[in-house]
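Participant: I am attaching a structure below and will ask some questions about it afterwards.
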Amino acid sequence: MRAKRTEPPLMSEVLENLLDGYQVRPDPSPDACEAANLRMGLFTTMRDRGCPTKLAREVSRLKDGHRCESTHALESAMGWRALALGEAHHEVLVLAGQRGRGKSYAAAQVLAQMRPGSGCPRWANARHIGTWLFQRGHDVAVQRHLERISTAKLLVIDDLGWEHMDRGGYAQGAFVGIIDDRIQAELRTILTTNMGEAKFRERYGDALHDRVRGYGLWVDVEPGCSLR
Ligand SMILES: Nc1ncnc2c1ncn2[C@@H]1O[C@H](COP(=O)(O)OP(=O)(O)OP(=O)(O)O)[C@@H](O)[C@H]1O
Ligand SMILES: [Mg+2]
281 MRAKRTEPPL MSEVLENLLD GYQVRPDPSP DACEAANLRM GLFTTMRDRG CPTKLAREVS
341 RLKDGHRCES THALESAMGW RALALGEAHH EVLVLAGQRG RGKSYAAAQV LAQMRPGSGC
401 PRWANARHIG TWLFQRGHDV AVQRHLERIS TAKLLVIDDL GWEHMDRGGY AQGAFVGIID
461 DRIQAELRTI LTTNMGEAKF RERYGDALHD RVRGYGLWVD VEPGCSLR
């Protein structure tokens, strides 16, 4: 006996069956696309400026679930930024304190707020600068790095104190020279360090300590807990 013919299925039912088992994602809205593009653009810019990938990802909010929190380091850095971009005598910001207190993160946030084209802002780790200083004269690329950090409108020197110091004090003197020349040229510099003020003075000398105090802001970041 022949099976009874059923009615042809409706087109909507066919589509429903076809899509069954697939997760259909709604198209992102134009606003969401634009925000994602802006974040990606900021990430690329931060990397180009020399910021480490991990920090660049956090600051441009490309790290899942990352939220920017208000910290002593961040508030101090933003307060300095407001002064430093407007007036002379605020050439340097030192964020000093224990590990994981948000010093580098705060410096990266200030760097992120510098518009493209505003004097090629840069980020450099003190260890890398120390190495470049020993290699200068032998390598064109190193020479270019040093020129960039000498002329950047804003320079972040991260982890000051971790650089290798030679017995003759060559790198130490060159470091002092870079920072001092930048102060004289009214270029802005942020230093992050785990050193206290007394150690800084002992390592880089009274003259630089005096300049930093006279033309900048020294912030002892509150100890609190590590944010790592
Ligand atoms: N304001 C903030 N909002 C959200 N997360 C933060 C903030 N500050 C820091 N963090 C988190 O804490 C981590 C450590 O911060 P950061 O690297 O700035 O510490 P640090 O003080 O520079 O430490 P170190 O002395 O070891 O270099 C960051 O990678 C980030 O994940
Ligand atoms: Mg740091």
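Residue numbers (the numbering used here): 281 to 508. Idealized CB from N, CA, C, for every residue including glycine. In this text the structure is predicted, and so the values were computed from the model without any measurement.
Does the Cβ-Cβ distance between V420 and Q389 come in under 8 Å?
Facilitator: Here residue 420 refers to the residue found at position 140 when the sequence shown is read from its first residue. Here residue 389 refers to the residue found at position 109 when the sequence shown is read from its first residue. Cβ atoms of V420 and Q389: not closer than 8 Å.
Participant: Between the alpha carbons of L413 and A432, how many angstroms are there, rounded?
Facilitator: The sequence position of residue 413 within the sequence shown is 133, counting from 1. The sequence position of residue 432 within the sequence shown is 152, counting from 1. L413 and A432: Cα-Cα distance of roughly 17 Å.
Participant: Have a look at L375, H444 and D486 and flag the residue whose alpha-carbon is nearest the alpha-carbon of W360.
Facilitator: The residue given as residue 360 occupies position 80 in the sequence shown. W360 has its Cα closest to that of L375, out of L375, H444 and D486.
Participant: Cβ of S384 within 7 Å of any heavy atom in ligand 2?
Facilitator: The residue given as residue 384 occupies position 104 in the sequence shown. It does: the Cβ of S384 is within 7 Å (strictly closer) of some heavy atom of ligand 2.
Participant: Any heavy atom of ligand 1 closer than 7 Å to the beta-carbon of E349?
Facilitator: Along the sequence shown, read from residue 1 onward, the residue named residue 349 stands at position 69. Shortest gap from the CB of E349 to any heavy atom of ligand 1: under 7 Å.
Participant: If G496 sits next to L354, beta carbons under 8 Å apart, how far is it from one beta carbon to the other, in whole angstroms?
Facilitator: For this step, residue 496 is matched to residue 216 along the sequence shown. For this step, residue 354 is matched to residue 74 along the sequence shown. Rounded, the Cβ-Cβ distance is 18 Å, inconsistent with contact.
Participant: What beta strand (DSSP E) runs, 3 residues minimum, are completely inside the region 398–428?
Facilitator: 402–405
Participant: Does the distance between the C-beta of T472 and the nearest non-hydrogen atom of ligand 2 fall short of 7 Å?
Facilitator: One-based indexing of the sequence shown puts residue 472 at position 192. True, at least one ligand heavy atom lies under 7 Å from that Cβ.
Participant: Alpha carbon to alpha carbon, what distance is there between G321 and D500?
Facilitator: Walking along the sequence shown from the start, residue 500 turns up at place 220. Walking along the sequence shown from the start, residue 321 turns up at place 41. D500 and G321: Cα-Cα distance of roughly 33 Å.
Participant: May I ask you to report which of helix, strand or coil DSSP gives W498?
Facilitator: Residue mapping note: residue 498 aligns to position 218 of the sequence shown, counting from 1. In this structure, W498 counts as strand in the three-state DSSP scheme.
Participant: According to the neighbour-count rule (16 or more other Cβ atoms, all chains shown, within 10 Å of its Cβ), is E371 buried or exposed?
Facilitator: Within the sequence shown, numbered from 1, the residue matching residue 371 stands at position 91. That one is buried.
Participant: Looking at C-alpha atoms only, which residue of Q423, P401 and W498 is the closest neighbour of A357?
Facilitator: For the purposes of this step, residue 357 is taken as residue 77 along the sequence shown, with counting starting at 1. Checking every option, the nearest Cα to that of A357 belongs to W498.
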